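As given, the protein sequences belong to chains A and B, one line each in that order.
First residue of the first sequence? That's 5 in the numbering used here, and the numbers climb one at a time after it.
First residue of the second sequence? That's 5 in the numbering used here, and the numbers climb one at a time after it.
Below: one structure, written as structure tokens.
Number of protein chains: 2
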Amino acid sequence: MKKIYVVGLGPGGFEQMSKRAMDAINKSDVIMGYTYYIDLIKDKIKDKEVFVSPMTKEVFRCGKALEYALSGKTVSMVSSGDSGVYGMASVIYEVCGNYPEVEIEVIPGITACLSGASVLGAPISHDFAVISLSDLLTPWDKIEKRLDLAAEGDFVICIYNPSSKKRADYLKKACQIVLKHKNADTVCGYVKNIGRNGQEYHIVTLNELQRVKTDMFTTVIIGNSQTKVINGKMVTPRGYVYI
Amino acid sequence: MKKIYVVGLGPGGFEQMSKRAMDAINKSDVIMGYTYYIDLIKDKIKDKEVFVSPMTKEVFRCGKALEYALSGKTVSMVSSGDSGVYGMASVIYEVCGNYPEVEIEVIPGITACLSGASVLGAPISHDFAVISLSDLLTPWDKIEKRLDLAAEGDFVICIYNPSSKKRADYLKKACQIVLKHKNADTVCGYVKNIGRNGQEYHIVTLNELQRVKTDMFTTVIIGNSQTKVINGKMVTPRGYVYI
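Following this line, the structure appears as structure tokens:
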């Protein structure tokens, strides 16, 4: 059997993985992923072949996974969160497009908008939009348009990749677009290093969010018009009438 | 300590829960939830007090959880998926608003848009919006507006609660709104009974999706303009330029 598992490890360490994810890793001959993810599970994969690769070079890495699979080795490609959300799953499908004999199984994990939400309280209990501010693979005007429409629709907005060294002011720019439709005192939250050492969370207004310093390990959630603070947590009511 | 865990069990059975979720259940004196969810974990909670409650009556149930917590019993309120997404987490925060001494910990789980996506392939690898078609707690015109704006923004759209007996034509109505902005041949998918007996998935066009019969156990994903079918799976490319 020629098989590639694309495995989401969830946030942080072993305790937030599913048994299904661990089972896939146990059934694999080769484990692939960034150093950081491999480190999270290194105690569990001592008897495995490990292929560590640097950030970027996703297509190269998926080609390598395909090579292993074609040679008869079962591969697990691991990442944090869920590999179906801005992750490797779609790249694997594209790279293996001409090899239908390779079976691909995506094993979902807890993505940052869920784990981040749980740290902040219950901010995504109503309709929400997930938007990445990374313009590496997406034109910025498309990102701007989505921010604008999501804000107009009063969606809760979860922002991935809010900034990086090269894009220090992207979160501020995003807030300014959202402010066209949402009040300046809209409840917002952000979480750094979810489920890891150094986890911290903050609840601020949309106005204050403009000046917040974030990095690639920060997840930001902008509330909807109903979102409120209850005992220090960010809570979006599930409905409009029930309480 | 007065403590309530709000625990997402993920889709299906035990193997898709996190260790953290199981640990919370083990630390609890009382387990609360719908019959269906309690059944999923019944082998693990033989020594626990169990409070089973019917669908609806969420506020009553959360009040009961608060009572247990105030009496010194640690409670786990369990649900499938992630209890922060259209789930009990926000209701618990609201009901416990006047009792800051009750500690609430939300333990995230794999919600249906992630588990459904993994069954279909990799459809949410780019920006996406999550919208429930249930108008029990949300006015229908608000739902329509969100569908319209999400479609205009070329978001992948994940639809929860696509229909019920009383709302047999809601998915069709939703498709008609989305068709104002997206092509009739946009790739769509739906999954029934994710992670459970009877799981099935289908990939159709947006035009065909209008006539699909769904129920409350179906999750629907409408692709963006880039979404395609690769070897029978639904795949949204992560970016616009990399391959």
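All residues carry an ideal CB built from backbone N, CA and C; glycine is no exception.
These numbers were taken from a predicted model, which means no experiment stands behind them.
Boundaries of the beta strand (DSSP E) harbouring V11 (chain A): 6-12, taken from the DSSP string. Counting only runs that start and end inside the region 134-164 of chain A, the alpha helix (DSSP H) elements of at least 4 residues fall at 144-156. Secondary structure at T223 (chain A): strand, using DSSP grouped into helix, strand and coil. Considering only A:K176, A:K184, A:S167, A:I111, the residue with the shortest C-alpha distance to L118 (chain B) is A:I111.
Taking 7 Å as the cut-off between beta carbons, none of the residues of the region 196-215 of chain B comes near chain A. By the neighbour-count criterion, in which a residue is buried when 16 or more other Cβ atoms sit within 10 angstroms of its Cβ, N228 (chain B) is buried. Within the DSSP bridge table, the entry for F64 (chain B) names no partner. Taken through DSSP and simplified to helix, strand or coil, Y72 (chain B) comes out as helix.
For the pair R65 (chain B) and E53 (chain B), the Cα-to-Cα distance works out to about 15 Å. Every alpha helix (DSSP H) of 4 residues or more that sits fully in the region 86-130 of chain B is shown, in chain order, as 93-99, 116-124.
If you look at V82 (chain B), you'll find it isn't in any alpha helix (DSSP H); it sits in the beta strand (DSSP E) that goes 79-83. The three-state reading of DSSP puts V216 (chain A) in coil, since its state is none of H, G, I, E or B.
Interface with chain B (9 Å Cβ-Cβ cutoff): Q180 (chain A) is excluded. The beta carbon of M21 (chain A) sits closer than 9 Å to some beta carbon of chain B. Residue burial is scored here from C-beta neighbours: A188 (chain A) has fewer than 16 other C-beta atoms within 10 angstroms and is therefore classed as exposed. Shortest Cα-Cα distance from I234 (chain B) to any of A:Y103, A:D158, A:I135 involves A:Y103. About 4 Å separates the beta carbon of A133 (chain B) from that of A154 (chain B), a gap short enough to meet the 8 Å contact definition. In the DSSP assignment, I49 (chain B) falls outside any alpha helix (DSSP H), carrying neither H nor E. Around the beta carbon of K217 (chain B), a 10 Å sphere encloses fewer than 16 other beta carbons of the protein chains shown; the residue is thus reported as exposed. For D131 (chain A), the closest Cβ of chain B is nearer than 9 Å.
Distance from Y205 (chain B) to L137 (chain B) at the Cβ level is roughly 19 Å; contact not present, criterion being Cβ atoms closer than 8 Å. With distances taken between CA atoms, I161 (chain B) lies nearest to B:R150 out of B:K169, B:M220, B:R150, B:N30. When the five nearest sequence neighbours on each side are left out, the beta carbons in the same chain lying within less than 8 Å of the beta carbon of I114 (chain B) are those of G12, G14, P15, Q20, G85, D86, in order along the chain. Annotation for N211 (chain B): A188 place their beta carbon closer than 6 Å to its own, counting only its chain and skipping 5 residues before and after. The alpha-carbon separation between E156 (chain B) and Q214 (chain A) amounts to approximately 26 Å. Looking only at A:F18, A:I8, A:D173, A:V10, the smallest Cα-Cα distance to G199 (chain A) is reached by A:F18. Taking K77 (chain B) as reference, the option from B:V95, B:M92, B:F55 with the minimal CA-CA separation is B:F55. Taking 9 Å as the threshold, the shortest C-beta distance from A121 (chain B) to chain A falls below it.
Under the Cβ distance rule, P166 (chain B) does not count among the residues neighbouring chain A, no pair being separated by less than 9 Å. Chain A has no Cβ within less than 9 Å of the Cβ of N30 (chain B). K196 (chain A): member of the beta strand (DSSP E) spanning 191-196, first to last residue.
At a cut-off of 9 Å between beta carbons, L175 (chain A) makes no contact with chain B.
Secondary structure note for T39 (chain B): its alpha helix (DSSP H) is the uninterrupted segment 39-44.
In the DSSP assignment, T231 (chain A) forms no beta bridge with any residue. Cβ-Cβ separation between C192 (chain A) and I147 (chain A): approximately 18 Å, too far for a contact (criterion under 8 Å). Taking a Cβ-Cβ cut-off of 9 Å, the neighbours of G91 (chain B) in chain A comprise A126, S129, R242, given in sequence order.
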